[in-house]
Structures are given as structure tokens and as C-alpha cells.
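Heads up: the sequence shown is residues 1 to 159, going by the UniProt record's numbering.
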Amino acid sequence: MQQMAPLARFLPYQLSIASNAVSGRIAQEYRARWGLSVPEWRVMALLGDFGTITQRDLTRLSLMDKVAVNRACKVLEDRGLVERTPNEQDGRSHLLDLTESGHEMHAQIMPLAREMERRICAGFSDAELDMFRAMLDRLHRQSAIVDADDIVSDNFGIE
């Protein structure tokens, strides 16, 4: 019988813990300075990168729960940082974009976020960071294509 590795060596757990630690540390700064939660900042960051998109797109791109995205969009809209306009291509949805105030806040936060990233990653070489990013991209792509049928069937890929 094979002994299972402890949780601390389970890669999904390690990724979650590392992500929460890094995001949480950066989030302390933009929560204290701008009163933004993690989901609110992620919505603003995506709108800053992609421009006008739907809430469905925000959910897909962020991999956040649609309720969390909806709440974040509502708060940002109420604060005048995001505006919602009718989607002429799909009457069932709206388009979201940063307002002028939202763009200004985004422009203030990005340098801080980049500096925090730089400080957190200071112990890694550029080559290590490039490799790490490439590995994370591969892991993300692989997780999207893994066939869950064997897991659902209790076969776990074992023939």
C-alpha cells in the first residue's frame, strides 16, 4: 500500500497557499489605500487590461465565482469606478468598463502592485521567474484539458 503525501506536499494546496499569501499581501495595500477587496481589484485589473467586456467575460477570465464578480461589479459601479452600458450585440447582458475615476485609480494601483510583485519575487532570478511563469501557464492549460470522466467514474485513470 502506498503512503499518501501530506497535504503540505499536495501541489494544488501549495499553489493555493502561495497564491493566497501573495494576493493577500498585495491586497493589504490596496485595501488600506483604496478600500478595494481582492475581487474588486481583479475586476478593475481585467477591465484595465481588456477594456469593455461583459460580466460573463470577467467571470471566465478571472476564474472567480459569478456571484463574487457580480458583487464586485456592483460595488465598483456604486463607487463610480465602473460603468455599465447596454450590450447591443446581446440584449441579455451589459458591457462593463472603467470610468475616468476607475482608470485613474487603476493607474495608481498598478505601479504599487508591480513594486510589491518585484519585492516578493526579489529572491528569484529573471530566468527562474520566466520558467515559473511558463510552468504556471502549462499547469493552467493542462488543468483545462484533463479528462475528469475517470475521476467521476471512480476509476481515477487506473485500468
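Backbone N, C-alpha and C define an ideal beta-carbon position, used for all residues, glycine too.
- Note on geometry: alpha-carbon atoms of Arg114 and Trp41 lie some 14 Å from one another.
- Residue burial annotation: Gly80 is exposed, with fewer than 16 other C-beta atoms found within 10 angstroms of its C-beta.
- A check of alpha carbon separations from His103 across Ala127, Phe50, Glu117 identifies Phe50 as the nearest.
- Looking at the DSSP output, Pro111 bridges to nothing.
- Only buried fits Ala72, as 16 or more other CB atoms lie within 10 angstroms of its CB.
- Only residues of its own chain outside the window of five on either side were considered, and among them Thr54, Ser93, His94, Leu95 have a CB closer than 7 Å to the CB of Asn87, listed in chain order.
- Contact between Leu58 and Val69 holds: CB atoms are separated by about 5 Å, below the 8 Å threshold.
- Here DSSP, grouped into helix, strand and coil, assigns Asp97 to strand.
- By alpha-carbon distance to Gly35, the top candidate from Ser143, His106, Ala8 is His106.
- The Cβ neighbour count for Met44, taken over all protein chains shown within 10 Å, is at least 16; the residue is labelled buried.
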